[in-house]
Amino acid sequence: MAIQIKTLDQLKSMRQANLLVRSTLELVRANIKAGITTSALDAIAEANIKRGGGSSNFKGYHGYPAVICYQGHQYQSFHLMAADLLCPQTN
Numbered sequence: 377m378a379i380q381i382k383t384l385d386q387l388k389s390m391r392q393a394n395l396l397v398r399s400t401l402e403l404v405r406a407n408i409k410a411g412i413t414t415s416a417l418d419a420i421a422e423a424n425i426k427r428g429g430g431s432s433n434f435k436g437y438h439g440y441p442a443v444i445c446y447q448g449h450q451y452q453s454f455h456l457m458a459a460d461l462l463c464p465q466t467n
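What follows is the structure in structure tokens.
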């Protein structure tokens, strides 16, 4: 497969999308506190994505109901869909 050189417009579009991802991740991270639910974090992420003019590539994919995939603890290797799960106390 040959390397495809991106046009300036494609690079601008990719940068805009990456800035939206970054702001969404920063916003979700800032809201992770003991007692917040994963569905609340999902709502925060979804609102920010919509505000930025984006859309989630997860939500609706094979019936996936959320815009985020939550990993409970940095050392656990499983992922959870957003639900009414409470986040544990953070370190």
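Residues in the sequence shown are numbered consecutively from 377, following this note's numbering.
Quick reminder that beta carbons are idealized off the backbone N, C-alpha and C, glycines included.
These numbers come from a predicted model, not from an experiment.
{"Query": "Go ahead and label E526 buried or exposed: buried means 16 or more other beta carbons lie within 10 angstroms of its beta carbon, across all protein chains shown.", "Result": "The requested residue 526 does not occur in the structure, where the chain is confined to residues 377 to 467."}
{"Query": "Go to T400, then tell me how far its alpha helix (DSSP H) extends in each direction, as first and last residue.", "Result": "384-407"}
{"Query": "Let me know the secondary structure DSSP gives N424 once reduced to three states.", "Result": "helix"}
{"Query": "With distance defined between alpha-carbon atoms, name the residue in K435, H438, G430, Q386 nearest to V397.", "Result": "G430"}
{"Query": "Quick one: what's got a C-beta closer than 8 Å to S399's C-beta in the same chain, skipping five residues either side?", "Result": "N424, G428"}
{"Query": "With L417 and N407 assumed to form a contact (beta carbons below 8 Å), what rounded beta-carbon distance in angstroms separates them?", "Result": "6 Å"}
{"Query": "Assuming contact is defined by CB atoms lying nearer than 8 Å, are A393 and V404 in contact in what I supplied?", "Result": "no"}
{"Query": "Can you give me the C-alpha to C-alpha distance between I412 and A419, rounded to a whole angstrom?", "Result": "11 Å"}
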